[in-house]
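Trainee: Anchor point for the sequence shown: position 176 equals 176 in the UniProt record's numbering, and the numbering is continuous, going up by one each time.
Below you will find the structure I want to go over with you.
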Amino acid sequence: MKLIGMLDSPYVRRAAVSAKLLGLSFEHQPLSVFRHFDEFRAVNPVVKAPTLLTDDGTMVLDSSLICDYLDHLVEPQRRLLPVDAAARLRSLELIGLALAAAEKTVQVVYECGLRPDEKLHQPWLDRVVQQLDGAYAALEARVLGTTGWLLGERITQADVTLAVVWRFTQYVRPDHPALAAADAERYPSIAALSARAEALPEFAGTPLD
């Protein structure tokens, strides 16, 4: 199977790291939705990253759908999203908050990096930053006191998603003053969890930059 998209996207990197943690082999095709628009469109008319092409040619869009598909290629006990209902619900709560943080970080990047200065709408930017801070504050409260992984001894999709999203926010933060407050001093538990994950070979071998 083939995973298409750039690893500087938290969504692409999330899918790639998940595949590696599951021990699944795949080909990575690093196409940018900006720089390689026409080439990407030839594969996927929506030009959405990540795109997963399965061995039979089926196209799967959206990182959560891709991760769900990948999970079902392995035995239930090896899946990154827990099978147990209570653990699964806990994981979904954390993943939802982390994906909200990813979405708001991307919105800041687009608003401040792609929109002309005269078109920037400050009230909208302020709202997005408030939402981002809300997501990370809620996550910090839930991660506080965790010294291992979020749901026990084994890394799960909640850990993967939060670690990848935090790394992405930190990667783009220096170029965007609106993200200044999203730092390790304010969210130390998240930063520590992300550092633990980034030390794993599956993360280190899938660098954002």
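Every residue, glycine too, gets a C-beta built ideally from N, C-alpha and C.
Could you tell me whether the Cβ atoms of Lys48 and Leu31 are closer together than 7 Å?
Mentor: The residue labelled residue 48 in the question sits at position 48 within the sequence shown. The residue labelled residue 31 in the question sits at position 31 within the sequence shown. Result no, Cβ atoms of Lys48 and Leu31 do not sit closer than 7 Å.
Trainee: Look at the Cβ atom of Leu139, then the Cβ atom of Leu208, and state whether they are nearer than 7 Å.
Mentor: If you number the sequence shown from 1, residue 139 lands on position 139. If you number the sequence shown from 1, residue 208 lands on position 208. Not closer than 7 Å, so no.
Trainee: When the distance is taken between beta carbons, is Gln131 closer than 7 Å to Leu80?
Mentor: Start at 1 with the first residue of the sequence shown, and residue 80 comes out as number 80. Start at 1 with the first residue of the sequence shown, and residue 131 comes out as number 131. No, Cβ-Cβ distance for Leu80 and Gln131 is not below 7 Å.
Trainee: Please classify Thr169 as buried or exposed, where buried requires at least 16 neighbouring CB atoms within 10 angstroms.
Mentor: Here residue 169 corresponds to residue number 169 of the sequence shown, with the count starting at 1. Thr169 comes out buried.
Trainee: I'd like the list of long-range same chain contacts for Gln107, defined as Cβ closer than 6 Å, with 5 residues on each side in sequence excluded.
Mentor: Your numbering for residue 107 matches position 107 in the sequence shown. Only Val128 meet the Cβ criterion.
Trainee: Looking only at C-alpha atoms, which of Ala199, Pro177, Arg167, Glu202 sits nearest to Tyr187?
Mentor: For the purposes of this step, residue 187 is taken as the residue at position 187 of the sequence shown. Ranking the options by Cα distance to Tyr187, first place goes to Arg167.
Trainee: Just verifying my parser: in three-state terms, what is the DSSP assignment at Thr206?
Mentor: Reading the sequence shown from its first residue, position 206 is the one you call residue 206. Reduced to three states, the DSSP call for Thr206 is coil.
Trainee: Which whole-angstrom value describes the C-beta separation of Ala182 and Arg173, a residue pair presumed to lie in contact below a C-beta threshold of 8 Å?
Mentor: Counting from 1 along the sequence shown, the entry for residue 182 is found at position 182. Counting from 1 along the sequence shown, the entry for residue 173 is found at position 173. The beta-carbon distance between Ala182 and Arg173, rounded to whole angstroms, is 6 Å. This is short enough to meet the 8 Å contact definition.
Trainee: Kindly indicate the opening and closing residues of the alpha helix (DSSP H) around Lys48.
Mentor: Counted from its first residue, the sequence shown places residue 48 at position 48. Run containing Lys48: none; DSSP gives neither H nor E here.
Trainee: Please check the pair Ile66 and Pro45, which I expect to be a contact at CB under 8 Å, by giving their CB distance rounded to whole angstroms.
Mentor: In the sequence shown, residue 66 corresponds to position 66, counting from 1. In the sequence shown, residue 45 corresponds to position 45, counting from 1. With a Cβ gap of about 18 Å, Ile66 and Pro45 do not count as contacting.
Trainee: Among Glu185, Ile190, Thr161, Pro177, whose alpha-carbon lies nearest the alpha-carbon of residue 216?
Mentor: As displayed, the chain neither begins before 1 nor continues past 209, which places residue 216 out of reach and without an answer.
Trainee: Extract the residue ranges of the alpha helix (DSSP H) inside the UniProt domain "GST C-terminal" (84–209), only unbroken runs of 4 or more that lie entirely within it.
Mentor: If we require 4 residues or more, the alpha helix (DSSP H) runs fully inside the UniProt domain "GST C-terminal" (84–209) come out as 85–113, 122–143, 157–172, 188–198, 201–204.
Trainee: Answer yes or no: do Ala135 and Ala180 have a C-beta to C-beta separation smaller than 7 Å?
Mentor: The residue labelled residue 135 in the question sits at position 135 within the sequence shown. The residue labelled residue 180 in the question sits at position 180 within the sequence shown. No. Outside cutoff.
Trainee: Assign Gly5 to one of two classes, buried (16 or more other C-beta atoms within 10 Å of its C-beta) or exposed (fewer than that).
Mentor: For the purposes of this step, residue 5 is taken as residue 5 along the sequence shown, with counting starting at 1. Label assigned to Gly5: buried.
Trainee: Go ahead and label Leu114 buried or exposed: buried means 16 or more other beta carbons lie within 10 angstroms of its beta carbon, across all protein chains shown.
Mentor: The count along the sequence shown starts at 1 and reaches residue 114 at position 114. Flag for Leu114 reads exposed.
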